[in-house]
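Mapping the sequence shown onto the working numbering, position 86 (from 1) lands on 91, and the numbers just tick up by one. The block underneath contains the structure these notes are about, expressed in structure tokens.
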Amino acid sequence: MDFSRLLHGIPVGLRNELISEYLEIVSNFYEGRWKPSELSAGRFCEIAYSIIHGRAKGSYPDKAAKPNQFDSACRALENQTQLERGLRMLALKILPALYEVRNNRDVGHVGGEVNSNSMDASFAVSASGWILAELVRIFHNISAEEASRMVQKLTEIRTPIVWINGEIRR
Numbered sequence: 006m007d008f009s010r011l012l013h014g015i016p017v018g019l020r021n022e023l024i025s026e027y028l029e030i031v032s033n034f035y036e037g038r039w040k041p042s043e044l045s046a047g048r049f050c051e052i053a054y055s056i057i058h059g060r061a062k063g064s065y066p067d068k069a070a071k072p073n074q075f076d077s078a079c080r081a082l083e084n085q086t087q088l089e090r091g092l093r094m095l096a097l098k099i100l101p102a103l104y105e106v107r108n109n110r111d112v113g114h115v116g117g118e119v120n121s122n123s124m125d126a127s128f129a130v131s132a133s134g135w136i137l138a139e140l141v142r143i144f145h146n147i148s149a150e151e152a153s154r155m156v157q158k159l160t161e162i163r164t165p166i167v168w169i170n171g172e173i174r175r
């Protein structure tokens, strides 16, 4: 995929950070490395937030930064009417949920007695793909038909390439 055309309106530094983290999420997911996938999803959230914040303010930072209170910062952007509805009503609600996976679900801190990493990694790869696809819808510099194909690719259902059944790993 030519992300320079898919995300044309996003400054190169932020675009490269976003794509790098997204590819880490997907790669780790396919290889069955749940925690690294979820960890990259947290970083992806901070980068996506920086892009959406820059869009709202009309000025982008050189590189992504973590807001002090992630949930509150996302909620504050929901009122920015200059933002596209998909960003305000969906992406800014998905980002805190995805960030929560990194922070409180056995990734960055000890989790509960039932391991949730597989399901959380599935959510991480799906949610980050959806957010990236939404950014493509807004920032693309290609035909609508080509952008639609790329959105479809980004949001297709993924199956890990590592199969584990008890002691057997393939």
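Ideal placement from N, C-alpha and C gives every residue a C-beta, glycine not left out.
Shortest Cα-Cα distance from residue 61 to any of 28, 138, 93 and 142 involves 93. In the DSSP annotation of this structure, the continuous segment of the alpha helix (DSSP H) that includes residue 20 starts and ends at 17-35. Runs of the alpha helix (DSSP H) lying entirely within the region 129-160, each at least 4 residues long, are 149-159 in chain order. Three or more beta-carbon pairs separated by less than 8 Å are not found between the region 60-76 and the region 145-161, which leaves the two stretches without contact. Per DSSP, the unbroken alpha helix (DSSP H) holding residue 76 starts and ends at 75-82.
Relative to residue 135, the option among 50, 9 and 32 whose CA is nearest is 50. If you check the CB distance, residue 46 and residue 133 come in under 8 Å.
In the DSSP annotation of this structure, the continuous segment of the alpha helix (DSSP H) that includes residue 59 starts and ends at 39-62. One alpha carbon belongs to residue 26, the other to residue 172, and they sit about 31 Å apart. DSSP places residue 11 inside the alpha helix (DSSP H), whose first and last residues are 8-11.
Non-local C-beta neighbours of residue 66 in its own chain, meaning closer than 7 Å and more than five positions away in sequence, comprise 55 and 59, ordered along the chain.
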